[in-house]
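J.: Mapping to our numbering: the sequence shown position 82 is 796, numbers consecutive. This is the structure I want to talk about, given as structure tokens.
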Amino acid sequence: MRETNTVIVGAGPAGITAALYLKRANANFLWLEKGAPGGKLLNISEVDNYPGLPHQDGFSLATNLLKSAYDAGAKIETLEVERIQKEGDTYIVSTNKESIRCKTVLVATGLANLPTIPGEKEFFGRGVSYCATCDGPLLKNKIAVVYGNGERVLEEGLYLANIVKRLYLLCPSETYQGDETLLKTLKEKENVTYLPSSRILSIQGDFRVTSIRYSSKDKEHALETNMVFPFAGERSAIQFLSALPVVMEKGYIVVDDKNMSSIPGLFAAGDIVKKRLRQVVTAASDGAIASTGILSYLHSLKRDAK
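Here you go:
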């Protein structure tokens, strides 16, 4: 069994930044990613809100971020983490090929969008988006649909309402599981239409999305739209933590100001963390904070061992 001080799980913006910081600190760590490095950036058509690098497509930004980590000497290993267990003061990270013992773990796996609507997967990047702050600016004087019943729907909707000509909020239940103040603010906006107890049946279009079909009160309806933001199938990709009593809130990992979870030595960064804003720049910030938190924690272990 290999041993190391830290295992980073995930190679999106948070994982990349953490790897860069740890490598520059000459830390001993392994960096694991089950798929293509870059995270959700690989599927974003344009990123306009990353300081210093305007008007980049997600793939190019991911390439630039990865180059920084690679140039520092960091290396990614293609391994899928299946289970993480605590054993005394250490962690056992079990992958599809081997197990690794370490003192700290950084979980930076992001959120997995599980397409549940016919047409959702097919039109991704062509009228289906999971990031209002990324694609919202493209919708000036256009129509958008936000679908789901969590607080993120309200947050994304509030952002879009200040840009689009018409915003439709479709909620599969009678009300949202989120901040009532946000919902009230949205309902008061003249360009927002709230459709509770409504389920999207399909997303339709030619090359790009042109409309949706949805059901409400046992009747089917058609609705023209330029973009759909479906959040009904979004899940945190952390099934491998099931053996650990991690404190969660609404599906997100609760962390402290060093991005450490409720379990000593287990850190989290990026979209899986409970926070107000989920963007590339905040994920990178999380990675930087978590890496310095990890270094501080490892130093405390050495100090306590003396």
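For each residue, glycine too, the CB sits at the ideal point set by N, CA and C.
Is the region 810-817 touching the region 957-972 in the sense that three or more CB pairs, one from each, lie closer than 8 angstroms?
T.: no
J.: What's the gap between the Cα of V721 and the Cα of Y908?
T.: 44 angstroms
J.: G729 lies in the alpha helix (DSSP H); which residues open and close that run?
T.: That run of the alpha helix (DSSP H) goes P727 to R738.
J.: First and last residue of the beta strand (DSSP E) that includes F743?
T.: F743 to E747
J.: Would you mind working out which of A1019, R1017, L1012 and D1018 sits nearest N719, comparing C-alpha positions?
T.: Per the Cα distances, L1012.
J.: In its own chain, which residues sit with a C-beta less than 6 angstroms from the C-beta of K748, not counting the 5 before and 5 after it?
T.: Closer than 6 angstroms at Cβ, skipping near neighbours: E794.
J.: Taking the straight line between their C-alpha atoms, what separation do you get for I806 and R990?
T.: Going by the C-alpha atoms only, they are around 31 angstroms apart.
J.: Taking all protein chains shown into account, decide if E870 is buried (16 or more other Cβ within 10 angstroms of its Cβ) or exposed.
T.: buried
J.: I need the straight-line Cα distance from L734 to A788, nearest angstrom please.
T.: Cα-Cα distance, rounded: 7 angstroms.
J.: Count the other CB atoms within 10 Å of the CB of G839; is the residue buried (16 or more) or exposed (fewer)?
T.: exposed
J.: Given 8 angstroms as the limit, tell me if T899 has its C-beta closer than that to any heavy atom belonging to the ligand GTP.
T.: Ligands displayed in this structure: none; no statement on the ligand GTP is therefore possible.
J.: Output the boundary residues of the alpha helix (DSSP H) element that contains C848.
T.: A846 to D849
J.: In whole angstroms, what separates the C-alpha of N742 from that of M715?
T.: 16 angstroms
J.: Assuming contact is defined by CB atoms lying nearer than 9 angstroms, are P878 and K856 in contact in what I supplied?
T.: Per the sequence presented here, residue 878 reads as Val, with Pro not at that position. Yes, they are a contact pair.
J.: By the 10 Å Cβ neighbour count, where 16 or more other Cβ atoms means buried, how is Q918 classified, buried or exposed?
T.: With 16 or more other Cβ atoms within 10 Å, it is buried.
J.: Just grab the DSSP bridge partners of F954 for me.
T.: According to DSSP, which records beta bridges pairwise, F954 is partnered with nothing at all.
J.: Tell me the DSSP bridge mates of G919?
T.: DSSP lists V923 as partners of G919.
J.: I'd like to know whether the C-beta atoms of G1080 and A728 end up nearer to each other than 9 angstroms.
T.: Because the chain spans 715 through 1020 in this model, residue 1080 falls outside it and cannot be assessed.
J.: Judging by CA-CA distance, which residue of Y784, L825, Y882 and S887 is the nearest neighbour of A732?
T.: The shortest C-alpha to C-alpha distance from A732 to any of Y784, L825, Y882 and S887 is the one to Y784.
J.: In three-state terms, what does DSSP make of H1013?
T.: Shown here, H1013 sits in a helix according to DSSP, grouped into three states.
J.: Quick one: residues in its chain with C-beta nearer than 6 angstroms to the C-beta of A822, no 5 flanking neighbours on either side, listed in chain order?
T.: G724, A728, G729, A983 and G984
J.: Among A826, V860 and P851, which has the Cα closest to the Cα of V842?
T.: V860
J.: Hey, could you find the ends of the beta strand (DSSP E) K717 is sitting in?
T.: A quick correction: the sequence has Glu, not Lys, at residue 717. Taken as a continuous stretch (DSSP letters only), the beta strand (DSSP E) holding E717 covers R716 to V723.
J.: Can you list, in chain order, the residues of its chain with a C-beta nearer than 6 angstroms to that of S874? Leave out the 5 residues immediately preceding and following it.
T.: Checking the displayed sequence, the identity of residue 874 turns out to be Leu instead of Ser. Excluding residues up to 5 positions away in sequence, A846, G850, A858 and L881 lie with their Cβ nearer than 6 angstroms to the Cβ of L874 in the same chain.
J.: Can you tell me where the beta strand (DSSP E) with R797 in it begins and where it stops?
T.: Judged by DSSP secondary structure, R797 falls within the beta strand (DSSP E) whose first and last residues are V795 to E801.
J.: Of all the options S999, V995, L955 and G772, which has the alpha carbon lying nearest to the alpha carbon of P765?
T.: Of the listed residues, the one whose Cα sits closest to P765 is V995.
J.: Please say whether S976 and V987 have beta carbons closer to each other than 9 angstroms?
T.: no
J.: Look up P944 in the DSSP assignment and give the residues it is bridged to.
T.: Its beta-bridge partners are Y861.
J.: From this set, L883, L744, L1015 and V761, which residue's C-alpha is nearest K903's C-alpha?
T.: Comparing Cα positions, the closest option is L883.
J.: Who are the Cβ neighbours of S1005 in its own chain at under 6 angstroms, not counting the five residues just before and after it?
T.: A732, Y735 and L736
J.: With distance defined between alpha-carbon atoms, name the residue in K931, G862, L1009 and L958 nearest to N740.
T.: L1009
J.: Leaving aside the five residues before and after R992 along the sequence, list all residues of the same chain whose C-beta is less than 6 angstroms from its C-beta, in chain order.
T.: If we look at R992 and ignore the five residues flanking it on each side, its Cβ neighbours are D985.
J.: Based on the DSSP output, what are the partners of I814 in its beta bridges?
T.: In the DSSP output, where bridge partners are listed per residue, I814 has R716 and V807.
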